[in-house]
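Notes follow once the structure below has been shown.
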Amino acid sequence: MQLWLIPLLPLAGFLINGIFGRKLPKSVINAVAVGSVVLSFLWVLKTLSGLGALDAAYTEHYFTWIQSGSFHVGCDFSVDRLTAVMLLVVTGVGSLIHLYSIGYMAHEGGYYRFFAYMNLFMFFMLTLVLAANYLVLFVGWEGVGLCSYLLIGFYFDKKFATDAGNKAFIVNRIGDFGFALAMFYIVKTFGSLDFATVFSHASGASQGVLTAIGLLLLLGACGKSAQLPLYVWLPDAMAGPTPVSALIHAATMVTAGVYMTARSWQIYTHAPAAMEAIAIIGILTAFFAATIGLAQNDIKKVFAYSTVSQLGYMFVGVGCGAFSAGIYHLVTHAFFKALLFLGSGSVIHALAGEQDMRHMGGMWKKIPWTFWTMMAAAIAISGIPPFSGFYSKDAILVAAHQHEPWMYWLGTITAGMTAFYVFRAMFMTFLGDYRGHEHPHESPGIMLAPLVILAALSVLGGILFKVPDFLAPLFPAMEEARDFSLVIISSSAGVIGIALAYVMYVLKPGMADSVASSFKGLYTLIYNKYFVDEIYDAAVVQPVINGSRTVLWKGIDVGVVDGMVNGAGSQARAIGSVLRLLQSGNIRSYATWTLFGAVVLIAAMGVVGGLR
Amino acid sequence: MNPLLLVLALPLAGFLIALLIPRSSPQGSRIWALVLSLATFVVSLALPVLFQRGIAGEQFLLDVPWIRSPEIRFHIAIDGLSLWLVVLSTFLTPLCVLISWRAVQNRAKEFYAFLLLLEFGLVGVFMAQDLFLFYVFWEVSLVPMYFLVGIWGHERRIYAAVKFFLYTMAGSVLMLTAIIYIYNRAGTFSYPELLDMLVGGKLMFSGKEQLLLFLAFFVAFAIKVPIFPLHTWLPDAHVEAPTAGSVMLASVMLKMGAYGILHFCLPLFPTASRACAPWIVTLAIIGIIYGALVAMVQPNMKKLVAYSSVSHLGFVVLGIFSFTQLGFDGAVYQMLNHGISTGALFVLVGILYERRHSLEIADYGGVATAAPWLSTAFLITTLASIGLPLLNNFVGEFLVLQGAALANYKWAIYAAIGVILSACYMLWLYQRVFFGEVTEEIRSHLPDLHPREWAVIVPLVVMMVWMGVYPQSFLPKVGQTTAHILEQTQVNVPFRVQVPSQVGQIQTPHAEAANAR
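Protein chains in written order, with this note's numbering: chain A, 1 to 612; chain B, 1001 to 1517.
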């Protein structure tokens, strides 16, 4: 079925624009960049229709990538129903965002560079979801991280942007450390990294081993999907252009952790402790990030913390064993969160770069298309039926109640907060009077068309795509326990959140400030994001750098080792000058010293035993 | 004609003829060095083409008497281990000629002559199968490098050159002592013969003998690698060396140490090697983390890259002393990878230096605006160096860490920290040099790559991608030899050996399933 064409089309786009883009006219760059992704989307459609019901995974082997002794890893792609869902989301939403970018980036420098990176991202993301073994998945995993780094730091003359890029890459590396160690353990246990081999033998491995593997994979997922305690890079990642935030930092890349854990469900179902860890990290992240979202004034920051929080929901789904519910939310979230970002991009575009909501207001009359489409997304994320977000969030919360009731309640409170902060942002941006000094203008049609399509998907996506039914044959069945009252409670939390935001920001505009000032301590804490960045910096970054400089480099390297070497040199010289009659030349005396050192080393080795 | 002899003879002939070129024509020296080193490279390509995959041992063997008494033979051959190291040396030499084209104006004749002599020595080291011959080449390679650093280096070149020379000589003397001791015991310098005697039981070293001999060789090699804490000559040598010297030093010379360990130490002294493995692995892991941390805080680009080499070479040593097939293959591959990507880093730093005449990171910033292609090349090299998949280092690091994990999972945990740190120091370097607002000074001083520099960079980048995407072009030829070495290290087991439980084989799923049952 030529699965390789799916990622290779965007790769070709990357190579063309990356190498020749500087000299190409914009129309050609557009055609190559958008065309390659759209073609990839069409090829996905063709492939999937050709594969039919997909009851079993369809695999293609291309070549042996790495072989050493009996161990080998192939360059293999595989498609099953989970991959099919991911392929459609990635290429579908990806196409829309590429289209939107033509309008959004029209007046930016480095136009070809932007599209080259975006296409490269598509290549790696599609490799990630098509992979038939952990190592090829890891190729995509690291590759999307690279593109994220490049695009966050797209405005590379701004220090905050490149700082954010470094932070994203390095925090992700900490996660990848876990992922890599998980792979080493998998090879040690199963002798292979192929999904088929590993999963079919998972039941034979001991629970302790699987728990270790599961937790290490979870560390990787926490990095990529911005979960506690590694979420810190994602809010900063908003330094990149807004389409990047929509594609990479909302709809696709950050969901890779959810995809990877769901993909590894056979490992997790045999490692209940690891699964519990996923659920707990997910629910805590969802709640924690939502509280920060309450007090942010930068429109993109609000949605960034919202993304962290929504990813937490997906983790809850996976951790509670409702794998398909987690993926369901991944899909609907891709629609409405991409829309929220693209919409806020349209606002920012209209206001010539303004991102602070305190300088917005009254925009709905000026940019009605943006307003109404974003409204669809806002209602969807608040979980109001029958919008798409309702279905997926409901599925997760019901599963959470079945698993641990407290997770359901915390999730419901979070849902209320979500509705509040999203509508707070909507009201601050669109209602009231305009508080800035620009002359807002509606975005061009090429930006609005993707907004309209995504709005339709945000409204109808939950009904149109019954993801859990489609994925049912893949994952272990959950016992169905529909409790209608739970659904009503969680949806009304959304309604209450919206109403509260309406009261505080539309009916009585001064109320928000007075609430903030009456809870001054708490507000300061939340406004400053609990000072987590500052704590990490003081507890980890500075000690490592200062310690390396003063103790390791100046102390051990220059002081102790070189001190001894230079000392030995001058000692040798002194002795040599005394013994010049017997022995000439310093080199030999130097060698004597080294021999002496070697003898001491051997003696020491005899006394102690080394790292065994 | 034996292609090995040709690869060895061409640089020597080139060196001798280079001495005859009149000093008044530096351009003649340059062109001669380029033509000759390219010719050597082309001839050396015959080696991988004619190399037979199924054979683990010596190929292209040439064995003629050299000195009658004591009997020293001119015995050269290559196996899967040295094959690519020879090609790496011949590949990098013409690039070094090109990169020095404008940078070296002073005494160009001697410079290129020494460069060719260096190539001769390095290639010889990887071919010699007679212990004495090996020692000769080992020393031959030392001399031109000493002069390259000492004559064409920067301000503190004399200190650096002497330090380099003394450090290496100290090790060499130990090695020579051991070689002579072995000769006294066995009556031969021939390495294959020694191995046969060991396997056949005609030559037995007692535990103590083996340990002392092992350490004598090992210290010599460890200084070259360099293994912590014997590394302090490296940053000085690198900072002071001219670009070509840094490239040859990092890319090829450091590999002499790792090659020596794998080729001589392990098969000759298997039990001692295994007994010392936990100690050496400890040093390797310290080197990986320590090198990375110290690299992070360097204000000088070349020093940063030098310390990063300490970190990268730690992976090589870790792979070797994991005593697994994956570790061996990974270590060999990592030697080649490091040769390509760190060589490229030194080339690029040299290009920056030629324009701005500074190695201090603080003197840069905003280069990406002024020289986009140079920045792109540096970025790709940076990514290769931090082990991004589909670029060369990833494959080596993965195999090494996987091998270490199979031997002792804890080793992999500690060593993998180095992978996080490599991203820290390299990306931070990249940010400070290439990103940020461009100043007028940078803009006017930093033109983008010109054709001669393109000709150096492109082959290196192509190799990074090729070795990362399709390692099967290289690994299978290595695997046969490493498997053989692994086998050799399993003889003579009684002396204080603790064999890691999964050495050499991976537990199969079936075995695992059987265990569970």
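Built from N, CA and C at the ideal position, the CB exists for glycine as well.
Bear in mind the structure is a predicted one, so any value in this text is a computation, not a measurement.
Checklist line | For Leu1194(B) and Thr1188(B), believed in contact at Cβ under 8 Å, the rounded distance | finding: 6 Å
Note to self: Going by C-alpha to C-alpha distance, which of Leu151(A), Ala131(A) and Lys167(A) sits closest to Ser264(A)?
What the structure shows: Ala131(A)
Notebook entry, point to check: Grouping DSSP H, G and I as helix and E and B as strand, with all else coil, what is Val93(A)?
Noted result: helix
Next item on the list: Could you tell me whether the Cβ atoms of Thr211(A) and Ala273(A) are closer together than 7 Å?
Entry: yes
Note to self: Less than 7 Å between the C-beta atoms of Trp233(A) and Lys167(A), yes or no?
What the structure shows: yes
Notebook entry, point to check: When the Cα atoms are used, what is the spatial distance from Arg549(A) to Ser1308(B)?
Noted result: 15 Å
Next item on the list: Entirely within the segment 311-380 of chain A and at least 4 residues each: give me those alpha helix (DSSP H) ranges in chain order.
Entry: 323-350
Item checked: Within chain A, partners of Thr1232(B) - CB distance below 7 Å -> Asp557, Val561, Asp562 and Val565
Notebook entry, point to check: In the DSSP assignment, what are the bridge partners of Ser68(A)?
Noted result: Phe71(A)
Notebook entry, point to check: Hey, how far is the Cα of Phe1218(B) from the Cα of Tyr536(A)?
Noted result: 42 Å
Note to self: With a threshold of 7 Å between beta carbons, is Asp1079(B) in contact with chain A?
What the structure shows: no
Check: Using the rule of at least 16 other Cβ atoms within 10 Å of the residue's Cβ for burial, across every protein chain shown, is Leu579(A) buried or exposed?
Finding: Residue placement at Leu579(A) is poorly supported in this model, since its pLDDT is 49, which falls under 50; the coordinates still yield a value, given next. The residue in question, Leu579(A), is exposed, as its Cβ has fewer than 16 Cβ neighbours within 10 Å.
Next item on the list: Compare the C-beta of Ala1161(B) against all C-beta atoms of chain A and say whether one is closer than 7 Å.
Entry: no
Next item on the list: Find the residues of chain B that neighbour Asn166(A), judging by a C-beta separation of less than 7 Å, and give them in chain order.
Entry: Leu1427, Trp1428 and Gln1431
Note to self: Once DSSP output is grouped into helix, strand and coil, what is the label at Ile1506(B)?
What the structure shows: Model confidence at Ile1506(B) stands at a pLDDT of 44, short of 50, so the residue's coordinates are unreliable; what they give is reported in the following sentence. Coil, per DSSP.
Check: Would a C-beta distance cut-off of 7 Å place Gly293(A) and Ser306(A) closer than the cut-off?
Finding: yes
Item checked: Any C-beta of chain A under 7 Å from that of Met1175(B) -> no
Checklist line | Where Phe1187(B) meets chain A, residues with beta-carbon distance less than 8 Å | finding: In the sequence as presented, Phe is not what sits at residue 1187(B); that position holds Gly. By Cβ distance, chain A contributes nothing, its closest Cβ being about 25 Å from Gly1187(B), past 8 Å.
Next item on the list: Compare the C-beta of Ser264(A) with all C-beta atoms of chain B and state if any pair is closer than 7 Å.
Entry: no
Checklist line | Val1252(B) versus Val1125(B): straight-line alpha-carbon distance, rounded | finding: 11 Å
Next item on the list: State the beta-bridge partners of Arg1073(B) as determined by DSSP.
Entry: Pro1065(B)
Notebook entry, point to check: Got a sec, what are the start and stop residues for the alpha helix (DSSP H) Asn1184(B) sits in?
Noted result: Arg1157 to Ala1186
Next item on the list: Evaluate the contact criterion for the segment 1021-1040 of chain B versus the segment 1048-1060 of chain B: three or more CB pairs, one atom per stretch, below 8 Å.
Entry: no
Check: Is Val1297(B) helix, strand or coil when you go by DSSP?
Finding: coil
Item checked: Closer than 7 Å to chain B by CB, Gly69(A) -> yes
Next item on the list: Compare the C-alpha of Val28(A) against each of Val38(A), Asn17(A) and Val37(A) and name the closest.
Entry: Asn17(A)
Next item on the list: Give the residues of chain A in contact with Asp1363(B), contact being defined as C-beta atoms less than 8 Å apart.
Entry: Residues of chain A passing the Cβ test: none, with the nearest at roughly 17 Å.
Next item on the list: Can you tell me which of the three DSSP states Ile1055(B) falls into?
Entry: coil
Check: What residues are listed by DSSP as bridge partners for Phe63(A)?
Finding: Cys75(A)
Notebook entry, point to check: By Cβ distance, which residues of its chain are closer than 6 Å to Leu1449(B), with the 5 residues on each side in sequence left out?
Noted result: Trp1373 and Leu1374
Notebook entry, point to check: Based on Cα-Cα distance, which residue from Leu1429(B), Leu1016(B), Val1332(B) and Pro1226(B) lies nearest to Gln1480(B)?
Noted result: Val1332(B)
Check: From the beta carbon of Pro1494(B), is the nearest beta carbon of chain A less than 7 Å away?
Finding: Here the model assigns Pro1494(B) a pLDDT of 40, short of 50, so the residue's position is not dependable and the matter cannot be decided.
Check: From Gly1200(B) to Pro1229(B), what does the alpha carbon distance come to, in whole angstroms?
Finding: 37 Å
Margin query: Less than 7 Å between the beta carbons of Ser68(A) and Gln1325(B), yes or no?
Written below: yes
Next item on the list: Output the boundary residues of the alpha helix (DSSP H) element that contains Gly293(A).
Entry: Pro272 to Gly293
Check: Can a CB atom of chain B be found closer than 7 Å to the CB of Ala645(A)?
Finding: Because chain A is modelled from 1 through 612, residue 645(A) falls outside the range shown and cannot be assessed.
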